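The block underneath contains the structure these notes are about, expressed in structure tokens.
Number of protein chains: 2
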Amino acid sequence: MAQKPSIPKGTRDFSPVEMARRNYIFDTIRSVFTTYGYSQIETPAMENLSTLLGKYGDEGDKLLFRILNSGDAFSGIDYESFRIEGDSFNSKALSLQVAEKGLRYDLTVPFARYVVQHRGELSFPFKRYQIQPVWRADRPQKGRYREFYQCDVDAIGSSSLLLELELAEMVDRVFAALGIRVLLKINNRKLLTGFGDICGFPDKVTDITVAIDKLDKIGLPAVEEEMAERGLTQEAIAVIREILSLQGGFAEKVQSMRTLFSGGSSSGLRSEAGLKGLEELEELFGLIEASGLSCPVELDLSLARGLNYYTGAIFEVKALDFAIGSICGGGRYDNLTGIFGLPDTSGVGISFGADRIYDVLLGLDKFPETLSDAPTVLFANMDAASARYVIPVAGALRSRGISAEIYPDSSKLKKQFDYAERRGIPFLSINGETEAASRTVNFKNLSSGEQRSFSADDIDSILAFLRA
Amino acid sequence: MAQKPSIPKGTRDFSPVEMARRNYIFDTIRSVFTTYGYSQIETPAMENLSTLLGKYGDEGDKLLFRILNSGDAFSGIDYESFRIEGDSFNSKALSLQVAEKGLRYDLTVPFARYVVQHRGELSFPFKRYQIQPVWRADRPQKGRYREFYQCDVDAIGSSSLLLELELAEMVDRVFAALGIRVLLKINNRKLLTGFGDICGFPDKVTDITVAIDKLDKIGLPAVEEEMAERGLTQEAIAVIREILSLQGGFAEKVQSMRTLFSGGSSSGLRSEAGLKGLEELEELFGLIEASGLSCPVELDLSLARGLNYYTGAIFEVKALDFAIGSICGGGRYDNLTGIFGLPDTSGVGISFGADRIYDVLLGLDKFPETLSDAPTVLFANMDAASARYVIPVAGALRSRGISAEIYPDSSKLKKQFDYAERRGIPFLSINGETEAASRTVNFKNLSSGEQRSFSADDIDSILAFLRA
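Those protein sequences? They're chains A and B, same order as listed. When we follow this note's numbering, the leftmost residue of the first sequence carries the number 1, and every step to the right adds one. When we follow this note's numbering, the leftmost residue of the second sequence carries the number 1, and every step to the right adds one.
In structure tokens, the structure reads:
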């Protein structure tokens, strides 16, 4: 009854080497979060479907993994009541009846739920990070998985732009620590609102943004064509053209936009939201300048990321030396907790894409060479007596923080040596009767070939040799 | 449309304080595993149900959380074909049709699946640890959750008792590091087989063990009664009585059992398995003595733990100063991977119960006082200019490993002070125009009240004050 083992498509096993690399990424990110005073929380893998449904749009609802009610989920179900006509059933309704829980789809909605549920216990501003897997029933493809980790960091309960600055600083520190050169792109949702306002189509902000986003790829004439298809008039398109034609550096662009938002565009319309967005943008860029980030920061008016969700700053991080989508992104939201009954609570957060960061580090060969899951020393096993002889030596080394393994079987030395080599264990210690009789221990550095003999009680000297 | 937020019963949110404590436990365990050369792996939360079903008994199958197939799970289902009679449906078969995946129930079966699936890439003996949540649709109650973490450490591909020794040593080191006094109880499955052999009921090993296990609670007469109810003859019970009446220390007990297993019991029956078990037991206790564990180790003939699974050593760890079930346990298994097509692969492993260890540490007040999720310094926010003034100071401290927060809003100082106090932040730094003008920074130790002023550029002196 042997089965050929496999795992569900879109999921992954992580090997020791992959875990060492992933932990390196998570530890680096975590240590930066910690130096900024962010605290870790965890939420359950399963949430009530009522918490999850309707938060990610219709498409998201379809991608939720649903969990059958425990016990006998189908017992007592009146199938006839779900029959629509003939052999057709209302399977959506049936599914809701038999599955009341789902796997979390992201870390944002559970965070909002957490904040509302525990608001009495929290100190605001509440600064948390969360590193956990999420699940989406997306069609698996290269680089897209059905189970993947998110690393989210959010501060909620303050609208201060100092928090945006912190996020920008954390981005800078994380990627500097990882050795990845990045560009931090920043936009503000209120500017996008402003574009809709002054072109006279405040309800077409999404259409405008989607079109603008393609500027680099398809060019201005095609973008204008797309806006026309999306229902914008030629007059409105003329206003957008004025925005897209803005020249100069950050200060000049802001100045020109201020003119446009103040009624200076061809439409003559004014946008308070746009002006407020400019104010925020200037303040944030001022703070960033005062802080002195090492990575380049750029205003990108086409940046939208989950438009209907963000209300202020929008962030996105691109790797400069590796072609891949954004490796980090986020923004300011003003009403995330409203759906759970806590309105008017502003927050800002970003999410680091661990899988893509992994791919970038691997592609650029930037993982530290010292990353290893192997112990420092393998004690060879010559026979039962000599293995017993090294037990306390191995123990003493471990007590001093050296990771050590005793090969469990008295196999041929060639086999034990091969094991050390395959695992990349740097030191081999071979000891037999002679060493036991003289209370000595041998160590060989397998890369340099250097070999030394020590008194079994001289742990300090052994440590010095192993750490050199 | 606000909902009152909640989470599924039997699941938990972990707050920053709980996370700090849990990470302390996991980090301690992990660092011990690492010094013994064990490597971390992770497997997906979802496994194919074909991997999970039938591995945990009928009861276990019922406790699996099943995941509805993605897309429209119920589309095209012919409900009539599941009708048994009248309104009764074969919901087990229906459930299998609409749910092909389940959440992992433990880390052992996924580990066996992993080893078989990846055997071409692994070096044997393969020593792995795994710290991940598991899910069981058990009825939630105090201390029993539907989502909980397991910390498993296993070595597979060798039958050497040096591996049992390693596990015993790791138990000793983990609990010594955590400051929990424990008793390590050891048994061997082959002795239990031997009991069945010499009492003439080799197929009643489970019944015998279940009864013996109650000796402490119900006394010998009741145990004998139970064995009779379970079908043992009076002659067989007499043999068990001989075993349970064994006196003396470890060596004497082993000697007496050797006599019994060699045909010296009232039945005159002999057990090769029992004799082999004694040999293993003696060797393991000899190794443990050579190693010199700091915790007491005891032979416990009633210890069984998942009897049909273990084939050699069986381990269980009890906290000595706190009344709670076992906090760690495991044993040797010889055919775990057989079900997935890789027979004759011996392994041994133990699992640390993180939730119970948490309860013990909390109950004994043994969590380190220094465990905190709070940053070291809070920079108060007097106004925009003074906040901007401390940005680079906070940045310099963070670069030197000090965690620092700038309060995001220029709120009343009382509010900022309260925030520092509630979060347990040890140092407060209040700086206004005067400090900015003189390029100085103030720090106050909130517990001692000591206050010092430093040049904003003298990071070394600031560090010395904050670390003192």
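Glycine included, each C-beta is placed from N, C-alpha and C at the ideal position. In this text, all values refer to a predicted model and were calculated from it rather than measured experimentally.
Beta-carbon proximity check, residue i vs residue j, cutoff 9 Å
| i | j | result |
| --- | --- | --- |
| Leu260(B) | Glu282(B) | no |
| Cys328(A) | Ile314(A) | no |
| Glu47(B) | Val109(B) | yes |
| Ala112(B) | Ile339(B) | yes |
| Thr11(B) | Gly401(A) | no |
| Ser159(A) | Asp334(A) | yes |
| Ile77(B) | Ser403(A) | no |
| Glu421(A) | Val377(A) | no |
| Phe322(B) | Leu293(B) | no |
| Leu342(A) | Val98(B) | no |
| Ile131(A) | Arg30(A) | yes |
| Asp152(A) | Leu107(A) | yes |
| Asn431(B) | Ser399(B) | no |
| Asp216(B) | Ser302(B) | yes |
| Leu361(B) | Arg21(B) | yes |
| Ile240(A) | Leu232(A) | yes |
| Lys101(A) | Arg66(A) | yes |
| Asp355(B) | Met19(B) | no |
| Lys9(B) | Pro140(B) | yes |
Pick from the options that is closest to residue i, judged by C-alpha positions
| i | options | result |
| --- | --- | --- |
| Ala155(A) | Val17(A), Glu435(A), Gly330(A), Lys366(A) | Gly330(A) |
| Ala177(A) | Leu336(A), Gly424(A), Glu47(A), Pro368(A) | Pro368(A) |
| Asp458(A) | Pro392(A), Asp344(A), Ile430(A) | Pro392(A) |
| Ser447(B) | Asn431(B), Leu463(B), Ala468(B), Gly196(B) | Ala468(B) |
| Leu184(B) | Glu42(B), Phe74(B), Leu49(B), Pro296(B) | Pro296(B) |
| Val390(B) | Pro408(B), Leu371(B), Leu413(B) | Pro408(B) |
| Tyr419(A) | Glu100(B), Glu121(B), Ser75(B) | Glu121(B) |
| Ile208(B) | Pro221(B), Arg230(B), Asn188(B), Gly219(B) | Arg230(B) |
| Asn381(A) | Leu413(A), Ser123(A), Arg128(A) | Leu413(A) |
| Gly57(A) | Asp355(A), Ala374(A), Val441(A), Asn308(A) | Asn308(A) |
| Arg470(B) | Asp373(A), Tyr38(A), Ile25(A), Ile430(A) | Residue coverage of chain B in this structure runs from 1 to 468, which leaves residue 470(B) outside it and unanswerable. |
| Gly86(A) | Tyr79(B), Gly86(B), Ser88(B), Arg83(B) | Tyr79(B) |
| Ser326(B) | Arg181(B), Ser346(B), Glu235(B), Arg104(B) | Arg181(B) |
| Gly395(B) | Asp172(A), Glu316(A), Gly60(A) | Asp172(A) |
| Asp300(A) | Ile25(A), Ser291(A), Leu244(A) | Leu244(A) |
| Leu49(A) | Gln40(A), Ile41(A), Leu63(A), Glu42(A) | Leu63(A) |
| Ser346(A) | Lys127(A), Ile288(A), Ser429(A) | Lys127(A) |
| Ser455(B) | Phe124(B), Ser438(B), Ala464(B) | Ser438(B) |
| Leu336(B) | Ile462(B), Val32(B), Leu52(B) | Leu52(B) |
| Asp344(A) | Gly157(A), Gln255(A), Ser262(A), Ile462(A) | Gly157(A) |
| Phe506(A) | Ala238(A), Pro375(A), Phe201(A), Leu163(A) | Outside the shown range of chain A (1 to 468) lies residue 506(A), about which nothing can therefore be said. |
| Glu506(B) | Ala211(B), Asn188(B), Asp383(B) | For chain B, the structure presents residues 1 to 468; residue 506(B) sits outside this window and is missing. |
| Ile477(B) | Arg83(B), Ile198(B), Lys253(B), Asp383(B) | Here chain B covers residues 1 to 468 and nothing more, so residue 477(B) does not appear. |
Under 8 Å from the C-beta of residue i: neighbouring residues of chain A
| i | result |
| --- | --- |
| Asp13(B) | Ile41, Glu42, Thr43, Pro44, Tyr114, Gln117, His118 |
| Ala387(B) | Leu162 |
Proximal chain B residues relative to residue i, where beta-carbon distance stays under 8 Å
| i | result |
| --- | --- |
| Tyr79(A) | Tyr79, Phe89 |
| Leu94(A) | Phe74 |
| Ser403(A) | Thr34, Thr35, Tyr36, Gly37 |
| Pro392(A) | Ala290, Ser291, Gly292 |
| Glu147(A) | Pro44, Ala45, Met46 |
Closer than 9 Å at the beta carbon, the chain A residues around residue i
| i | result |
| --- | --- |
| Thr51(B) | Gln3, Pro5, Ser6, Ile7 |
| Asp409(B) | Pro125, Ser158, Ser159, Ser160, Leu162 |
Neighbouring residues, chain A, relative to residue i (Cβ below 7 Å)
| i | result |
| --- | --- |
| Lys101(B) | Pro8 |
| Arg422(B) | Ser123 |
Which residues of the segment 357-377 of chain B have a Cβ closer than 8 Å to any Cβ of chain A? Give them in chain order. Asp373, Ala374, Pro375
Along the segment 15-34 of chain A, what residues have a CB closer than 9 Å to any CB found in chain B? Ser15, Pro16, Val17, Glu18, Met19, Ala20, Arg22, Asn23, Ser31, Val32, Thr34
Does the segment 273-288 of chain A touch the segment 193-212 of chain A, meaning 3 or more C-beta pairs lie closer than 8 Å? yes
What residues in the segment 54-78 of chain A have a beta carbon less than 7 Å from any beta carbon of chain B? Phe65, Arg66, Ile67, Leu68, Ser70, Asp72, Ala73, Phe74, Ser75
Using a beta-carbon distance cut-off of less than 7 Å, what residues from the segment 436-449 of chain B approach chain A? none
Does the structure place the segment 433-451 of chain A close enough to the segment 5-23 of chain A that three or more beta carbon pairs sit under 8 Å? no
Taking Cβ-Cβ distances below 7 Å as the criterion, which residues of the segment 331-344 of chain A are in contact with chain B? Ile339, Phe340, Gly341
Whether or not the segment 261-271 of chain B and the segment 219-230 of chain B are in contact is what I'm after, with contact meaning three or more pairs of Cβ atoms, one per stretch, closer than 8 Å; do they touch? no
Chain B contacts made by the segment 167-190 of chain A, where a contact means CB separation under 8 Å: Glu169, Arg173
Can you list, in chain order, the residues of the segment 285-297 of chain B whose Cβ is nearer than 9 Å to any Cβ on chain A? Gly286, Leu287, Ala290, Ser291, Gly292
Along the segment 222-239 of chain A, what residues have a CB closer than 9 Å to any CB found in chain B? none
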